[in-house]
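Enquirer:
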Amino acid sequence: MDRFRQAAVGCSAVILAGLVLWPVAGRGIFVHRDMSVPHTLALTPDMFGFTGAWPRAVPQDGVLAVLSYLVDADIVARLFLLCGCAAGCAGALVLARHVGADGFFRPTVAMAITVYNPLVVERLLQGQWSYVVACWCVVLVAGCALAGAPLPMALGIWGASLTPPGLVVAAVTAVVCARGRRLLAGATAAVCALPWLVPVLVGGGGRATVGAAAGVAAFAPRAEHGVGLAATLAGLGGIWNAAAVPASREQGAAVFGIALALCAATALGRVPRRLVVLAGLGIAVTVAPVVAGQQLAQAIDMVPALGIVRDSQKFLALVLPAYAAGLAAVRLPWPVAGLAPGAAAVLIFLQMPDAPQAVGQLQPVDPGAVTASLTAPDTGAADRINLSRCSSIIDRPSDLVATPAGGVAVDPLLKTTGAFPAAGLRVDGVVTDPHLARHATARQAWADGDTTTLDRLGIGTVIDPGGTAHPTGVTGCAPHPAAAVAPLLLTALWLAVPAGLVVACRRRRHQPR
């Protein structure tokens with residue numbers, strides 16, 4: 028019977044993964060909003076965060092760039108998503124066991140809320156695939172921290188660290204939930220932070236959030252139709268971009284999130300206190316832009332690195348472990364006690380019934396079917412392995428291009444050439460990072476034939492909208508050899524973390540007590 032239950036739980040995990048990740052089974056490259064993953068990425072300083080801008084996609088892009096010369100980057104992204112989902116399901120099972128939820132239905136409900144929730148789906152629809160991996164890894168980190176399993180806990184931190192906010196939420200989870208081995212968690216987090224921390228310290232990337240008030244307002248969590256902000260967040264929704272939300276959420280389905288939250292709240296007394304504290308911390312950070320937006324903007328102006336919390340709805344990931352444990356432990360009054368897992372499962376799906384259809388937007392596209400403005404032709408003019416100090420720019424005012432499906436996406440040409448991004452991060456017409464005027468200045472200098480300005484800005488190549496690269500004639504691009512190798516070394520160090528963790532934990536296990 029135990030083997031039958033394990034097989035049934037495993038099948039449930041596969042079904043849940045299929046509901047939200049079925050598009051990754053398709054062939055082609057990913058081109059959807061922030062998710063722009065061509066087959067091969069450029070090896071340039073821009074891909075590793077050495078641009079002076081805040082390294083949002085580090086080490087994600089650097090890892091994809093390095094591995095894309097061994098295997099297509101879109102395949103690497105697929106593997107991270109699938110492994111992340113498996114990690115989330117494993118963490119949910121550990122949490123369910125921790126609260127005494129055995130059998131088939133209760134662990135399955137814990138997995139369901141971990142994999143199939145508005146936070147995950149909305150971030151997928153926004154194209155923030157690496158943060159979705161982080162959300163799932165947070166559940167693994169929490170479960171293993173409570174269970175005293177240091178190796179999978181540390182591996183979860185590593186998986187979440189593909190993106191800086193992911194590392195932050197995973198590290199906080201480990202610190203709050205760990206019953207020991209906090210030193211291992213802290214050391215793992217510190218090493219995993221180096222690929223983006225070093226560029227910030229060396230290149231001043233922390234200045235990426237100048238004009239913080241606009242960014243805080245633009246990224247504040249948003250109330251969904253039919254419910255208030257509090258109820259929206261209780262259901263794990265509320266992303267700032269209304270376009271990255273399943274249609275059902277704007278048609279009243281978000282109300283089922285209230286019932287789901289109340290259902291989980293009935294089991295609050297059976298949820299480990301550390302998870303409750305973690306959830307409270309996540310909610311506090313999430314609502315900060317709403318209840319103290321001005322103060323948060325002032326804090327970011329003084330300490331720009333705090334801009335990592337601008338998109339505060341991401342920190343609902345800290346609530347996920349408590350949700351999984353709570354729904355696994357929920358008990359209804361007799362005589363309907365046995366219906367509790369079923370009721371929770373129904374509510375999970377009712378608050379987002381069209382999610383499997385919505386994530387269809389992520390389906391990969393054939394590189395040969397997209398226009399030249401989406402993929403860099405193999406002209407050889409833009410050197411894809413160029414660790415010099417010189418950057419490329421695309422002679423276009425925006426980084427966004429139309430996709431074959433009629434949506435918008437970050438231009439894959441930025442990834443295949445490593446070109447410097449355009450006028451900063453734009454939300455609802457508001458440029459939230461106005462410091463990135465370098466691109467506009469370089470475009471104007473190119474139009475005016477001003478090579479002096481291009482040399483001062485370090486722009487060695489200008490790529491026209493058709494994908495043809497034009498050298499600017501800038502000289503002196505070669506940096507000190509150590510500066511050119513540093514991005515690769517930091518990425519290699521990140522890739523080596525899992526092997527280092529396995530070795531370290533094995534040595535400790537075999538040490539005499």
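Residue numbering for the sequence shown follows this note's numbering, beginning at 28 and increasing consecutively. We put the CB at the ideal spot given by N, CA and C, even for glycine. Note that the coordinates shown come from a computational prediction; the quantities given were computed from them, not determined experimentally.
1. Quick check on DSSP: helix, strand or coil for residue 399?
2. Please name the residue in 190, 387 and 186 whose C-alpha comes closest to that of residue 212.
3. Helix, strand or coil: which one does DSSP assign to residue 324?
4. Contact between the segment 149-164 and the segment 202-210: three or more CB pairs below 8 Å?
5. Would you mind working out which of 171, 260 and 55 sits nearest residue 314, comparing C-alpha positions?
6. Can you tell me whether residue 210 is buried or exposed, with buried defined as 16 or more other CB within 10 angstroms of its CB?
7. For residue 429, which beta-bridge partners are listed by DSSP?
8. In the DSSP output, what is residue 498 paired with across the bridge?
9. Where do the ends of the beta strand (DSSP E) carrying residue 58 lie?
10. The alpha helix (DSSP H) that contains residue 98, what's its start and end?
11. Using a Cβ-Cβ cut-off of 6 Å (strictly less than) and excluding sequence neighbours within five positions of residue 352, which residues of its own chain qualify?
12. Please name the residue, chosen from 371, 446, 307 and 340, that lies closest to residue 250 on a Cα-to-Cα basis.
13. Could you tell me which uninterrupted alpha helix (DSSP H) segments, each at least 4 residues in length, are contained entirely in the segment 189-266, listed from first to last along the chain?
14. Measuring only the C-alpha atoms, how far is residue 286 from residue 184?
15. Can you tell which of 424, 283, 394 and 272 has the C-alpha that lies nearest to the C-alpha of residue 385?
16. DSSP on residue 85, reduced to helix/strand/coil?
17. From what residue to what residue does the beta strand (DSSP E) around residue 420 run?
18. What does DSSP give as the partner residue(s) for residue 441 in the beta ladder?
19. Going by DSSP, name the residue or residues bridged to residue 339.
20. Where do the N-terminal and C-terminal ends of the alpha helix (DSSP H) with residue 138 fall, by residue?
21. In the structure shown, what three-state DSSP assignment does residue 447 receive?
22. Enumerate in chain order the residues of its own chain whose CB-to-CB distance from residue 355 is below 7 Å, with the five nearest sequence positions on each side excluded.
23. Classify residue 31: buried if its beta carbon has 16 or more other beta carbons within 10 angstroms, exposed otherwise.
24. Check whether the segment 467-474 touches the segment 420-439, counting contact only when three or more Cβ pairs, one atom from each stretch, lie closer than 8 Å.
25. Find out if the Cβ-Cβ distance for the pair residue 146, residue 344 is shorter than 8 Å.
26. Okay, do the segment 79-91 and the segment 188-203 touch, 3+ Cβ pairs below 8 Å being the bar?
27. Provide the residue(s) that pair with residue 528 in DSSP beta bridges, ordered along the chain.
28. Under 8 Å, with one C-beta from each stretch per pair, do the segment 376-392 and the segment 33-49 reach the 3-pair mark?
29. What's the call for residue 141, buried or exposed, on a 16-neighbour Cβ count within 10 Å?
30. Can you name the start and end residues of the alpha helix (DSSP H) that residue 180 belongs to?
31. Look at the Cβ atom of residue 310, then the Cβ atom of residue 419, and state whether they are nearer than 8 Å.
32. With a cut-off of 8 Å on the beta carbons, I'd call residue 438 and residue 63 a contact; round off their distance for me.
33. Going by DSSP, name the residue or residues bridged to residue 63.
34. Quick check: the Cα distance between residue 69 and residue 296, rounded to an integer number of angstroms?
Expert: In this structure, then:
1. Here the model assigns residue 399 a pLDDT of 49, short of 50, so the residue's position is not dependable, and the following value carries that caveat. Residue state, collapsed to three classes: coil.
2. Out of 190, 387 and 186, the CA that lies nearest to the CA of residue 212 is found in 186.
3. Residue state, collapsed to three classes: helix.
4. Fewer than three beta-carbon pairs drawn from the segment 149-164 and the segment 202-210 are found closer than 8 Å, and the two stretches are therefore not classed as touching.
5. It is 260.
6. Exposed: under 16 other Cβ atoms inside 10 Å.
7. In the DSSP output, where bridge partners are listed per residue, residue 429 has 435.
8. Paired residues: 488.
9. DSSP places residue 58 in the uninterrupted beta strand (DSSP E) bounded by 57-59.
10. Here residue 98 belongs to no alpha helix (DSSP H), and DSSP marks it neither H nor E.
11. Cβ contact annotation for residue 352 (same chain, cutoff 6 Å, sequence separation greater than five): 122, 126, 298 and 302, in chain order.
12. The shortest Cα separation from residue 250 among 371, 446, 307 and 340 belongs to 340.
13. As far as the segment 189-266 is concerned, its whole alpha helix (DSSP H) runs of at least 4 residues are 191-204, 209-230, 239-245 and 256-261.
14. A straight-line Cα-Cα distance of about 31 Å links residue 286 and residue 184.
15. For residue 385, the nearest C-alpha among the options comes from 272.
16. Note: residue 85 maps to coil in three-state DSSP.
17. Taken as a continuous stretch (DSSP letters only), the beta strand (DSSP E) holding residue 420 covers 418-421.
18. Bridge partners of residue 441: none, in fact.
19. In DSSP, residue 339 forms no bridge with anything.
20. It spans 132-142 - the alpha helix (DSSP H) in which residue 138 sits, taken as one unbroken run.
21. When secondary structure is reduced to three states using DSSP, residue 447 falls in the strand class.
22. If we look at residue 355 and ignore the five residues flanking it on each side, its Cβ neighbours are 122, 123, 126, 128, 133, 134, 136 and 137.
23. By the 16-neighbour rule on beta-carbons within 10 angstroms, residue 31 is exposed.
24. When C-beta atoms of the segment 467-474 are compared with those of the segment 420-439, three or more pairs fall below 8 Å, so the two segments count as touching.
25. Taking 8 Å as the Cβ cut-off, residue 146 and residue 344 qualify as a contacting pair.
26. Here the segment 79-91 makes contact with the segment 188-203; the two share three or more CB pairs at distances below 8 Å.
27. Beta-bridge partners assigned by DSSP to residue 528: none are found.
28. Touching, yes.
29. The residue in question, residue 141, is buried, as its Cβ has 16 or more Cβ neighbours within 10 Å.
30. 177-187 is the span of the alpha helix (DSSP H), which, as asked, contains residue 180.
31. Judged by their CB atoms, residue 310 and residue 419 are not nearer to each other than the 8 Å cut-off.
32. Correct: roughly 7 Å between the Cβ atoms.
33. Per DSSP, the beta bridge partners of residue 63 are 58.
34. Their Cα atoms are separated by approximately 51 Å.
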